Amino acid sequence: MKKYFLLMTLIIVAINSFSQNFGDIKKLVLLQKYDKAKPLMDSYLATEKNAANAEAWYYKAVLYSGLGREATKPIAESSTLYQGAFDAIKKYEELDAAAPLATAESNATVYNTYNGFYELGIKTYNDKNFQESFNMFKKALDIHDYIYSKNLVGYQGFKFSAHDTDIVWNLAVLANELKQKDEAQAYYKKIADAGLGDEKYAGAYDDLIQKYKKEKNSELFNKYLAAAKKFYPVDKQYWESLEIDFATDGLENETLLNKYEELTKQLPDNYLVFYNYAVEIDRFINSADSKGKDINAYKKKIPELFKKAIAIKSTIEANLQMANLLYSTNYECQEMAGRVKGTKPEEVKRKNELLAQGKQALLDAIPYGEEAVKQLAALKEYKFSDKSNYKLACEILSHAYKSSGNAAKASEYEAKRAEIDKL
Numbered sequence: 001m002k003k004y005f006l007l008m009t010l011i012i013v014a015i016n017s018f019s020q021n022f023g024d025i026k027k028l029v030l031l032q033k034y035d036k037a038k039p040l041m042d043s044y045l046a047t048e049k050n051a052a053n054a055e056a057w058y059y060k061a062v063l064y065s066g067l068g069r070e071a072t073k074p075i076a077e078s079s080t081l082y083q084g085a086f087d088a089i090k091k092y093e094e095l096d097a098a099a100p101l102a103t104a105e106s107n108a109t110v111y112n113t114y115n116g117f118y119e120l121g122i123k124t125y126n127d128k129n130f131q132e133s134f135n136m137f138k139k140a141l142d143i144h145d146y147i148y149s150k151n152l153v154g155y156q157g158f159k160f161s162a163h164d165t166d167i168v169w170n171l172a173v174l175a176n177e178l179k180q181k182d183e184a185q186a187y188y189k190k191i192a193d194a195g196l197g198d199e200k201y202a203g204a205y206d207d208l209i210q211k212y213k214k215e216k217n218s219e220l221f222n223k224y225l226a227a228a229k230k231f232y233p234v235d236k237q238y239w240e241s242l243e244i245d246f247a248t249d250g251l252e253n254e255t256l257l258n259k260y261e262e263l264t265k266q267l268p269d270n271y272l273v274f275y276n277y278a279v280e281i282d283r284f285i286n287s288a289d290s291k292g293k294d295i296n297a298y299k300k301k302i303p304e305l306f307k308k309a310i311a312i313k314s315t316i317e318a319n320l321q322m323a324n325l326l327y328s329t330n331y332e333c334q335e336m337a338g339r340v341k342g343t344k345p346e347e348v349k350r351k352n353e354l355l356a357q358g359k360q361a362l363l364d365a366i367p368y369g370e371e372a373v374k375q376l377a378a379l380k381e382y383k384f385s386d387k388s389n390y391k392l393a394c395e396i397l398s399h400a401y402k403s404s405g406n407a408a409k410a411s412e413y414e415a416k417r418a419e420i421d422k423l
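First residue of the sequence shown: 1, per my numbering; consecutive thereafter.
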């Protein structure tokens, strides 16, 4: 009996020692004597039976978060302490789902830990330590997501929204700075999926569209393209140019032309659709792939398309293409007339009709040539291609005016053409 009594006494002493030790640690934490409390808390929780004490994990979180905020702590140590605080608060809520201590303090500890990482992210960014800044913001985002997923209510009913815009954007910017393209795109996707349309996010949508364009992922390409068009309508022509590229990529010959025909219905006010369609028809009818096919309908369609393109947006290229097309029509008519050798009335009539058509084509070329010259003359600098286009426009106009009997205008454009190389 004596031995049994002694054993029971030892157990009671151990229990009292257990309670007293934790009570002392808790008191030190509440008095904010964190440096004294930390080794005691670490030793206490290192014991397996103590690790089941939910309250101890809560006070460890308070302790570690408080230590992390001390201004004298190096950044690396503060980061380790904040991570310890976050791990501790998760352990506390795992052991006690009701988490009364955290609720009583309006979850201040976990919110403070989030703020701690956020501030470290700012500090390391200002120090131009971008990798560490990225790491800190990423940890802050982990805590944000935890708080949101647990619906943890902060001071005066404060709650996090689902998307931490500032941190996500900071991470995207830093990932770009660190050349971590995949990471950057993951954060761009968060921005886009949250439906954010601030001007600074336009590049995020563009990057995602380019990514899915390259991957030929039509579902995601169209998803983010539609969002970009919605939020950044001022860049409509640019977004549609990507849409055109995606739709026509890898297509050739009549398959390509059929796709452009579809695009004229989908994008009826897009200059590039009509301009490119005309250019592609011209390329097709002058290729070996058009042999044996009826190309007359295609030929008739080219001027219609250029006229539509010019109506949408009058450019040097479209006006010059139209002027050159009519200029070429004149020569074609002359060649066809030259092949009419007979003197029968119907043959003479046919020849005269062809010559008249050619002359009319030259007259029709004048307004397009004039517009091309006007826009070329307004350029501040000239590339080789600009000078070549300028010369062609002047040549067309010189011939057109000569054909119409306006020798003065013809001479004017001949002189202008001779001066172009000096530009």
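Using N, Cα and C, we set each Cβ at its ideal position, and we do this for glycine too.
Quantities reported herein were computed from a predicted structural model and do not represent experimental measurements.
Sub-8 Å separation of residue i and residue j beta-carbons
i, j, result
"Phe130", "Leu178", "yes"
"Leu81", "Leu101", "no"
"Lys26", "Tyr59", "yes"
"Phe373", "Leu397", "Here residue 373 is Val; the residue named in the question, Phe, does not match the sequence. Result yes, Cβ atoms of Val373 and Leu397 sit closer than 8 Å."
"Phe389", "Leu362", "A small fix is needed here, since residue 389 is Asn in this sequence, not Phe. For Asn389 and Leu362, no; Cβs fall outside 8 Å."
"Tyr426", "Ala309", "For residue 426 there is no data in the structure shown, the boundaries of the chain being 1 and 423."
"Gln334", "Gly358", "yes"
"Ala457", "Leu95", "With the chain covering 1 to 423 only, the question about residue 457 has no answer from this structure."
"Ile281", "Leu257", "yes"
"Ile316", "Leu376", "yes"
"Leu141", "Asp164", "yes"
"Ala56", "Phe86", "no"
"Tyr148", "Ala162", "yes"
"Glu240", "Asn217", "no"
"Ala337", "Lys351", "yes"
"Ile244", "Leu263", "yes"
"Lys236", "Lys229", "yes"
"Ala202", "Tyr232", "yes"
Residue i - containing alpha helix (DSSP H), residue span
i, result
"Asp198", "First-last for Asp198: undefined, no H or E at that position."
"Ala288", "Note, Ala288: premise wrong, no alpha helix (DSSP H); not H, not E."
"Phe22", "Lys2 to Leu30"
"Gln83", "Ile75 to Leu95"
"Gln237", "Lys236 to Thr248"
"Leu256", "Asn253 to Gln266"
"Lys179", "Careful: Lys179 lies outside any alpha helix (DSSP H) and carries neither H nor E."
"Phe137", "Phe130 to Ser149"
"Tyr368", "Pro345 to Ala377"
"Ile461", "Nothing about residue 461 can be reported from this structure: the residues present for the chain run from 1 to 423 only."
"Val62", "Ala54 to Gly68"
"Glu412", "Ala407 to Glu419"
"Leu40", "Tyr34 to Ala46"
"Lys341", "No alpha helix (DSSP H) holds Lys341; DSSP gives it neither H nor E."
"Leu397", "Phe384 to Ser404"
Classification of residue i by the beta-carbon crowding that lies within 10 angstroms, buried from 16 upward
i, result
"Phe158", "exposed"
"Gln266", "exposed"
"Tyr44", "buried"
"Val234", "exposed"
"Ile302", "buried"
"Ser19", "Here the model assigns Ser19 a pLDDT of 44, short of 50, so the residue's position is not dependable and the matter cannot be decided."
"Thr124", "buried"
"Lys383", "exposed"
"Leu31", "exposed"
"Ile209", "buried"
"Lys213", "buried"
"Ile143", "buried"
"Ile15", "With a pLDDT of 39 at Ile15, under the threshold of 50, the predicted position of this residue should be treated as unreliable, and no value is reported."
"Lys291", "exposed"
"Glu346", "exposed"
"Thr103", "exposed"
"Tyr93", "The sequence given here has Glu at residue 93, not Tyr. Glu93 comes out buried."
"Glu332", "exposed"
Whole-angstrom distance between residue j and residue i, CA atom to CA atom
i, j, result
"Ala288", "Leu272", "25 Å"
"Tyr188", "Val153", "28 Å"
"Asp421", "Ala365", "24 Å"
"Ala71", "Ser78", "9 Å"
"Val40", "Ala61", "Note that residue 40 is Leu in the sequence shown, not Val. The straight-line gap from Cα to Cα measures roughly 14 Å."
"Gly116", "Lys380", "55 Å"
"Ala98", "Met136", "29 Å"
"Val29", "Ala37", "6 Å"
"Asn50", "Ala88", "14 Å"
"Thr113", "Ala247", "49 Å"
"Ser106", "Asn151", "12 Å"
Cβ-heavy atom distance, residue i to the ligand FAD, below 7 Å
i, result
"Asn296", "Absence of the ligand FAD from the depicted structure is noted, as is the absence of any ligand whatsoever, leaving it without description."
Integer Cβ distance of residue i from residue j, believed to fall under 8 Å
i, j, result
"Cys394", "Lys416", "5 Å"
"Ile191", "Ala204", "5 Å"
"Gly369", "Ala400", "7 Å"
"Ala278", "Leu305", "4 Å"
"Ser314", "Glu371", "6 Å"
"Leu392", "Asn324", "7 Å"
"Gln185", "Asp207", "6 Å"
"Lys139", "Gln83", "7 Å"
Chain B contact for residue i (CB, 8 Å cutoff)
i, result
"Ile316", "Of the protein chains in the structure, only one exists, and it is not chain B."
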